[in-house]
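Participant:
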Amino acid sequence: MFDALLDNKLLAAIVVIVAVPLVLIGYILLVEAVLRRAPRRWAPGLRPWLWLAPALTFLGVFLVYPTIATIIRSFQNRRGNDFVGLDNYAWFFSQNDTLIALRNNVLWVILLPLLVVGLGLLVAVLVDRVRYESTVKSIIFLPLAISFVAAAVIWRFMYELDPNIGTMNAIVTAAGGDPVAWLIEQPWNNLFLILVGVWLLTGFAMVILSAGLKGISAELLEAARVDGANELQVFRRIVLPLLAPTIAVVATTVIIYALKTFDVVYTMTNGNFDTNVIANLMYQELFVGGQPGRSAAIAVILFLAIVPVMYVNIQRFRQQEAIR
Amino acid sequence: MEERTIRWRRTAGLIAAIALIAAACGGGGGSAEPAESTAPGASAASAEPGASAEPGASEATGGFACEELGGEVTVYATWTGAEQDNFDAMMAPWLECTGTTMNYTGQRDLAGALTAAIAGGNLPDVAGLPGPGLMQQWYADGTLLPLDFVDFAAYEAATPPGFAALGKAPDGKLAGIFTKGAVKGLIWYNTGVWTGGAPASWDELKTAAAAALTGDEKTWCIGVESGGDSGWPGTDWIEDIVLRQAGTAVYDGWVAGTTPWTDPAIKAAFQEFGTAVENAYGGSDYVNATAFGKAANPMFTDPPGCLFHHQASFITTFFESEAGATADQFDFFPFPDIDPANSGVTGGGDLFGMFNDTPQAQSMIQYLLTPEAQQIWVEKGGFISANKNVPLEAYPDEVSRKSAEILANAETFRFDAGDLMPSALSAAFFDAIVSYVDNPAELDAILADLEAESVDSRQQ
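Going down the list, the protein sequences come from chains A and B.
Take the first sequence: its position 73, counting from 1, is numbered 73 in the working numbering, and each next residue is one higher.
Numbers given in the working numbering equal positions in the second sequence, counted from 1, plus 1000.
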């Protein structure tokens, strides 16, 4: 019966849209009914937990349990029937190609935020007071609407060796040079992959930084100029410090993107020519290599690498909340 | 058309896949593609061949008898678009006579789709399998079911020597069946450029080619780019060379892991391929950056950029679509013997297996094995039957007829080695080709890495 229901997708959709809120409302009514009957002394302490219970359950099932299961799996062998201690981690740190992936991720983590925040800030500041600001910002923002995979496909054509197809090589040959195999030339190919990410994310950084820029009061800047500061000094001494929290938020977000990067590498080189990254390695180990244990170990390493960044992000957020 | 095409389709379909992903997000699920042939009357196109698939029409197939089954069968395979239409046409007589409904899903990334389906416990009844390696793995896991109901003796007698047995699991039970076969190691040429016929040996080919070269022309056109599977066209080269240079014993040992990658015979095969790359149009970066489907384009330019292109039979589609060549402009000869004592044919095939044991699934497997069913697709083109009982006259063009003939008459047939190796090793083999083309001086290190991967990937 349940199968038949699922087969009728429209019916299933309606059931989900209607039934899920109904169940939640029913749950809340039930909780209140229970609390009315509960001893008066307990009710205030119990209420938040009962209200939170559905959310905590979802969090537990879909986030906490998989995380713990992945950590456990990372200490197990290929088939998952025996514990092998730290073997999977030892493997990760002893292979040539995993270390290259690690190196490339470091490159991504350094270069992507640097270029994205730098270019985003540059554009935000430069177009801040010009007439065609919204046009420029729209154009730079546009790539953000494209998925990483689609962007990677587009850039595969851009980097194509045949100058009749590849825009980059069309430019190079028009200038009299020989076509360059952009995705093969090491170590520069990593930079060319990162540039795809930059192309995508600069718009994101620009929009947020531009909003931050607009939030700086004009009187402050005016006062600095009256005191004789030139534009560069205004930017360095006033704008930059005031923008620092925003820059930090954008940078940490981009760093997380860089750590998780997968689509661009998978689509453009699949890690060939020394361009592999950790997330693609994780995919390859699981889906190509059939090594769930190693794949889980890589996932845990990636998780551990992201935790400090998340921590900084949350700290920043708390500080800002405290200021308000 | 054969194993390799699965890979190119996976890549070539990337753009389409993106669109599909977007559509699927809205459509809500795996079986978004409708099985057109399930509608009554959709089988009009195949009405004629359908007549030959009547119950009891076949003696060579051992066991397919049409009976009213009703119900439904879910099927995953790689075919989409025109190939899906051909598959539908092949299935139409069976659907009609059994009254079964087929829920077909074309999955370009079949390995990924089936891995996900297995993990999720939501398995198709019958599925195309990405290769013998994963077939063995899934059979060992117990997800793929034995095909005890197939008359193996009859099936084996109808296929090239050693072919049917590749579908067997170590316990001797049949886990997968071949419907489509493929011949690899064909050497293609432009009929307007190369008029020397088929060289008797590899050495003769090299000397004749050297003598025929004019201007900037090169001997070979090679391109190994194929998205996530870049490198595979080179693995076919290595396999052809190993089989013909070192023989079946080395080849089988290499597949099984008993002949190490660092063995001089394997190294010699890489070096022979390296010599071909040195004599290839455009140089090593061009070889690595050029999609295999476009690799042969310079063969058809004027003046031509190269004499020969090494690829399996499916490549003719690309000659026509990418290079704009017409059918009279190209022909092939089989890869010549390197050592006369070691002649042989390498090839591949598309496997089918069963994940749920239902009467419909059993009947469908039986039906797929019949020459009558396979003939339907053979006549539509792009399909070389693994079954010798499909008449050669059924092939619509000379290239597929010649390929079918090579397959049917092969005395020594060896399956694509990369597809028989553990999937991690097979993927490493692809990458190794790319690395070797990029940096031939590193050959020893590349082979040592492959050997380490070989040992590692065979451990449980």
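All C-beta atoms, glycine included, are put in the ideal place defined by N, C-alpha and C.
So the alpha helix (DSSP H) residue 1253 of chain B belongs to, where does it begin and stop?
Facilitator: Locating residue 1253 of chain B in the second sequence gives position 253, counting from the first residue. Residues 1248-1256.
Participant: On a CA-only basis, which of B:1459, B:1364, B:1379 is nearest residue 1126 of chain B? Give me that one, please.
Facilitator: By one-based count along the second sequence, residue 1126 of chain B stands at place 126. Measuring from the Cα of residue 1126 of chain B, the nearest candidate turns out to be B:1364.
Participant: Who are the Cβ neighbours of residue 1446 of chain B in its own chain at under 6 Å, not counting the five residues just before and after it?
Facilitator: Sequence index remark: in the second sequence, residue 1446 of chain B carries index 446 (1-based). If we look at residue 1446 of chain B and ignore the five residues flanking it on each side, its Cβ neighbours are 1432, 1435, 1436.
Participant: Do residue 313 of chain A and residue 249 of chain A have their C-beta atoms closer together than 8 Å?
Facilitator: Here residue 313 of chain A corresponds to residue number 313 of the first sequence, with the count starting at 1. Here residue 249 of chain A corresponds to residue number 249 of the first sequence, with the count starting at 1. Contact flag set, yes.
Participant: Less than 8 Å between the C-beta atoms of residue 1353 of chain B and residue 1135 of chain B, yes or no?
Facilitator: Sequence index remark: in the second sequence, residue 1353 of chain B carries index 353 (1-based). Sequence index remark: in the second sequence, residue 1135 of chain B carries index 135 (1-based). Contact flag set, yes.
Participant: Could you pull the DSSP bridge partners for residue 1174 of chain B from this structure?
Facilitator: Locating residue 1174 of chain B in the second sequence gives position 174, counting from the first residue. DSSP lists B:1168 as partners of residue 1174 of chain B.
Participant: Compile a chain-ordered list of the residues in the stretch 1425-1446 of chain B whose CB is closer than 7 Å to at least one CB of chain A.
Facilitator: Result list: 1427, 1431, 1434, 1438.
Participant: Can you give me the start and stop residues for the beta strand (DSSP E) that residue 1187 of chain B sits inside?
Facilitator: By one-based count along the second sequence, residue 1187 of chain B stands at place 187. Residue 1187 of chain B -> beta strand (DSSP E) spans 1186-1190.
Participant: Helix, strand or coil: which one does DSSP assign to residue 1058 of chain B?
Facilitator: Sequence index remark: in the second sequence, residue 1058 of chain B carries index 58 (1-based). Only weak support exists for where residue 1058 of chain B lies, its pLDDT of 42 falling under 50; the coordinates are left without a value.
Participant: Can you give the Cα-Cα distance for residue 298 of chain A and residue 282 of chain A, rounded to whole angstroms?
Facilitator: Here residue 298 of chain A refers to the residue found at position 298 when the first sequence is read from its first residue. Here residue 282 of chain A refers to the residue found at position 282 when the first sequence is read from its first residue. Distance between the alpha carbons of residue 298 of chain A and residue 282 of chain A is about 6 Å.
Participant: Pull up the distance between the alpha-carbon of residue 1370 of chain B and that of residue 84 of chain A, whole angstroms please.
Facilitator: To locate residue 1370 of chain B, count along the second sequence from 1; it is residue 370. To locate residue 84 of chain A, count along the first sequence from 1; it is residue 84. If I take the Cα positions, the gap works out to 48 Å.
Participant: Which of the three DSSP states is assigned to residue 1150 of chain B in this structure?
Facilitator: Here the question's residue 1150 of chain B lines up with position 150 in the second sequence. The answer is coil: DSSP assigns residue 1150 of chain B none of H, G, I, E or B.
Participant: Relative to the alpha-carbon of residue 231 of chain A, which residue among A:61, A:32, A:126, A:277 has its alpha-carbon at the smallest distance?
Facilitator: Position 231 of the first sequence, counting from 1, holds the residue named residue 231 of chain A. Nearest C-alpha to residue 231 of chain A: A:126.
Participant: Going by the beta-carbon positions, is the gap between residue 1292 of chain B and residue 1224 of chain B smaller than 8 Å?
Facilitator: For this step, residue 1292 of chain B is matched to residue 292 along the second sequence. For this step, residue 1224 of chain B is matched to residue 224 along the second sequence. It is a contact, given that the beta carbons lie within the stated cut-off.
Participant: Using only CA atoms, which one of A:97, A:9, A:244, A:109 lies nearest to residue 305 of chain A?
Facilitator: For this step, residue 305 of chain A is matched to residue 305 along the first sequence. Selected option, being the one with the closest Cα: A:109.
Participant: In chain B, which residues lie less than 9 Å from residue 331 of chain A when you measure between Cβ atoms?
Facilitator: Any answer about residue 331 of chain A is impossible in this case: the structure gives chain A only from 1 up to 324.
Participant: Out of A:178, A:153, A:154, A:149, which one is the CA nearest neighbour of residue 163 of chain A?
Facilitator: Within the first sequence, numbered from 1, the residue matching residue 163 of chain A stands at position 163. The shortest C-alpha separation from residue 163 of chain A is found at A:178.
Participant: Any beta carbon of chain B sitting closer than 8 Å to that of residue 181 of chain A?
Facilitator: Numbered from 1 along the first sequence, position 181 holds the residue referred to as residue 181 of chain A. Closer than 8 Å to some Cβ of chain B, the Cβ of residue 181 of chain A qualifies, so yes.
Participant: Could you check whether the Cβ of residue 288 of chain A sits closer than 8 Å to any Cβ belonging to chain B?
Facilitator: On the first sequence, position 288 is the one that residue 288 of chain A refers to. Yes, residue 288 of chain A lies at the interface with chain B (some Cβ there is under 8 Å from its Cβ).
Participant: Leaving out the 5 sequence neighbours to the left and right, which residues in its chain are closer than 8 Å to residue 213 of chain A when beta-carbon positions are compared?
Facilitator: Within the first sequence, residue 213 of chain A is the residue found at index 213, counting from 1. Here the set comprises 124, 125, 128, 239, 243.
Participant: Mind checking who residue 1220 of chain B pairs with in its DSSP beta bridge?
Facilitator: Walking along the second sequence from the start, residue 1220 of chain B turns up at place 220. DSSP lists B:1280, B:1308 as partners of residue 1220 of chain B.
Participant: Who are the Cβ neighbours of residue 161 of chain A in its own chain at under 7 Å, not counting the five residues just before and after it?
Facilitator: Numbered from its first residue, the first sequence carries residue 161 of chain A at position 161. If we look at residue 161 of chain A and ignore the five residues flanking it on each side, its Cβ neighbours are 169, 179, 181.
Participant: What do you get for residue 1218 of chain B, buried or exposed, if any count of 16 or more other CB atoms within 10 angstroms of its CB means buried?
Facilitator: For the purposes of this step, residue 1218 of chain B is taken as residue 218 along the second sequence, with counting starting at 1. Buried, by the Cβ-count rule.
Participant: Does any CB atom of chain A fall closer than 8 Å to the CB of residue 1115 of chain B?
Facilitator: The residue you call residue 1115 of chain B lines up with position 115 of the second sequence. By this cut-off, residue 1115 of chain B is an interface position.
Participant: Quick one: list the residues of chain B neighbouring residue 184 of chain A, beta-carbon separation under 7 Å, in chain order.
Facilitator: By 1-based counting over the first sequence, the position of residue 184 of chain A is 184. Under the 7 Å cutoff, chain B gives 1285, 1288, 1289, 1438.
Participant: In chain order, what residues of the same chain have a beta carbon less than 7 Å from the beta carbon of residue 1139 of chain B, not counting five sequence neighbours either side?
Facilitator: Translated into the one-based positions of the second sequence, residue 1139 of chain B becomes position 139. Hits under 7 Å: 1169, 1175.
Participant: On the DSSP bridge assignment, give the partners of residue 1384 of chain B in chain order.
Facilitator: Against the second sequence, residue 1384 of chain B aligns to sequence position 384. Partner(s): B:1181.
Participant: Could you round the C-beta distance between residue 1073 of chain B and residue 1361 of chain B to whole angstroms and report it? I think they count as a contact, below 8 Å.
Facilitator: As a position in the second sequence, residue 1073 of chain B is number 73, starting the count at 1. As a position in the second sequence, residue 1361 of chain B is number 361, starting the count at 1. Indeed they touch by this definition, with Cβ atoms about 6 Å apart.
Participant: Under 9 Å between beta-carbons, which chain A residues line up against residue 1313 of chain B? List them in chain order, please.
Facilitator: Counting from 1 along the second sequence, the entry for residue 1313 of chain B is found at position 313. The contacting residues do not exist; residue 1313 of chain B stays about 26 Å from chain A at best.
Participant: I want to see whether chain B comes within less than 8 Å of residue 76 of chain A, judged by CB atoms only; does it?
Facilitator: Translated into positions along the first sequence, residue 76 of chain A becomes position 76. Judged by the 8 Å Cβ criterion, residue 76 of chain A is not in contact with chain B.
Participant: Can you give, in chain order, each stretch of the beta strand (DSSP E) that sits fully within the stretch 224-288 of chain A and has at least 3 residues?
Facilitator: Taking only runs of at least 3 residues, no beta strand (DSSP E) segment lies wholly in the stretch 224-288 of chain A.
Participant: Quick check: is the beta carbon of residue 161 of chain A nearer than 8 Å to any beta carbon in chain B?
Facilitator: Within the first sequence, numbered from 1, the residue matching residue 161 of chain A stands at position 161. Chain B contact via Cβ: present.
Participant: For the ligand PLP, I want to know if residue 1159 of chain B counts as a neighbour, meaning its beta carbon is within less than 7 Å of at least one of the ligand's heavy atoms.
Facilitator: Inclusion of the ligand PLP in the displayed structure is not the case, the ligand content being empty and no account of it being possible.
Participant: Please report the distance separating the alpha-carbon of residue 1120 of chain B from that of residue 78 of chain A.
Facilitator: Here residue 1120 of chain B is taken as the residue at index 120 of the second sequence, counted from 1. Here residue 78 of chain A is taken as the residue at index 78 of the first sequence, counted from 1. Spanning the two alpha carbons is a distance of roughly 18 Å.
Participant: With 8 Å as the threshold, decide whether the Cβ of residue 1360 of chain B is near any Cβ in chain A.
Facilitator: In the second sequence, residue 1360 of chain B corresponds to position 360, counting from 1. No, no contact with chain A.
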